[in-house]
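Residue numbers (the UniProt record's numbering): 1 to 238.
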């Protein structure tokens, strides 16, 4: 990635998303939210509210920059590599699928590696929610500013395939840009850290759900006992 591309991409495009978002939410209840909560609130089940695009693009770009490092690329290790090999068959097959997703995203958008702990019950025609139920790593792509947070996925890695991300360096050769990103820029340390954080969040949510169900059962138990006692009384002979 050349200095010129970085100056335009980070210094102008990313900066504009942040500045425009700040103007849009100033003095509103969104101004007090985290950026992630702004995204989820304004996604509005696919019926996007005005601040969504700038909020999502600000988040996407920050995540993108943190996905890279000088002298990156290569192959991950540890738990990340184990899950990649489990869910894609091999690291090479994962790279092939990730590159294909990025190269075939029509128009502007993003390709992602995500950890999917669960799924939403609904999707929409523009941004369908993947249907797998089990916990696994998946490759997905999203149009324009949409990101996997709105599908309840945990993003681990992304590549920006908007033209402004690569056109100064690669012109219309998007596949060459994607290959350079994967082979020379990806920070697998960052991806591994995100995976561990995602797994911890999923475990915490599961624990909270188990407790919620337990509390609900305890709340309903007296009513069940009353019904059983009433049925028993009704069945007693006079």
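Glycine included, each C-beta is placed from N, C-alpha and C at the ideal position.
- Query: If we count the other Cβ atoms within 10 Å of its Cβ and call it buried at 16 or more, is residue 243 buried or exposed?
  - Reply: Outside the displayed span of the chain (1 to 238) sits residue 243, for which this structure offers no information.
- Task: Figure out for me which residue from 137, 94, 77, 219 has the closest Cα to the Cα of residue 182.
- Result: Here residue 182 is taken as the residue at index 182 of the chain shown, counted from 1. If we check each option's Cα against that of residue 182, 94 comes out closest.
- Proximity of residue 190 and residue 159 at Cβ, strictly below 7 Å: Residue 190 sits at position 190 when you count from the first residue of the chain shown. Residue 159 sits at position 159 when you count from the first residue of the chain shown. Not closer than 7 Å, so no.
- Task: Please check the pair residue 60 and residue 21, which I expect to be a contact at CB under 8 Å, by giving their CB distance rounded to whole angstroms.
- Result: On the chain shown, residue 60 is found 60 positions in, with the first residue counted as 1. On the chain shown, residue 21 is found 21 positions in, with the first residue counted as 1. Not confirmed; about 12 Å, so no contact.
- Item | Integer Cβ distance of residue 192 from residue 78, believed to fall under 8 Å | In the chain shown, residue 192 corresponds to position 192, counting from 1. In the chain shown, residue 78 corresponds to position 78, counting from 1. At roughly 6 Å, the Cβ-Cβ gap stays under 8 Å, so residue 192 and residue 78 are in contact.
- Ordered along the chain, which non-local residues of its own chain (more than five positions away) have a Cβ less than 6 Å from that of residue 145? Locating residue 145 in the chain shown gives position 145, where the first residue counts as 1. Result list for residue 145: 53, 56, 57, in chain order.
- Query: Would you report the Cα separation of residue 139 and residue 221, rounded to the nearest angstrom?
  - Reply: Counted from its first residue, the chain shown places residue 139 at position 139. Counted from its first residue, the chain shown places residue 221 at position 221. Taking the straight line joining both Cα atoms gives about 44 Å.
- Message: The alpha helix (DSSP H) that contains residue 37, what's its start and end?
- Response: On the chain shown, residue 37 is found 37 positions in, with the first residue counted as 1. Taken as a continuous stretch (DSSP letters only), the alpha helix (DSSP H) holding residue 37 covers 35-43.
- What do you get for residue 12, buried or exposed, if any count of 16 or more other CB atoms within 10 angstroms of its CB means buried? Counting from one through the chain shown, the residue named residue 12 turns up at place 12. The residue in question, residue 12, is exposed, as its Cβ has fewer than 16 Cβ neighbours within 10 Å.
- Task: Please state whether DSSP places residue 6 in a helix, a strand or coil.
- Result: What you label residue 6 is simply residue 6 of the chain shown in a count that begins at 1. Residue state, collapsed to three classes: helix.
- Task: Pick helix, strand or coil for residue 242, following the three-state DSSP scheme.
- Result: With the chain represented from 1 up to 238, any question about residue 242 goes unanswered, as that position is not in the structure.
- Task: Only counting runs of 3 or more residues, tell me where the beta strand (DSSP E) segments fall wholly within the stretch 52-88, in order along the chain.
- Result: none
- Please go through the same chain and pick out, in chain order, the residues whose beta-carbon is closer than 8 Å to the beta-carbon of residue 168, but skip the five residues on each side of it. As a working note, residue 168 is residue 168 in the chain shown. If the five residues before and after residue 168 are omitted, its C-beta is found closer than 8 Å to the C-beta atoms of 2, 4, 5, 8, all from its own chain and listed in chain order.
- Item | Straight-line gap, residue 207 to residue 85 (C-alpha atoms, nearest Å) | Within the chain shown, numbered from 1, the residue matching residue 207 stands at position 207. Within the chain shown, numbered from 1, the residue matching residue 85 stands at position 85. C-alpha separation (whole angstroms): 28 Å.
- Starting from the C-beta of residue 68, find all residues in its chain whose C-beta is less than 7 Å away, skip the five residues before and the five after it, and write them out in chain order. If you number the chain shown from 1, residue 68 lands on position 68. Hits under 7 Å: 185, 186, 187.
- Message: Please classify residue 211 as buried or exposed, where buried requires at least 16 other C-beta atoms within 10 Å of its C-beta.
- Response: Working through the chain shown from its first residue, we reach residue 211 at position 211. With fewer than 16 other Cβ atoms inside 10 Å of its own Cβ, residue 211 counts as exposed.
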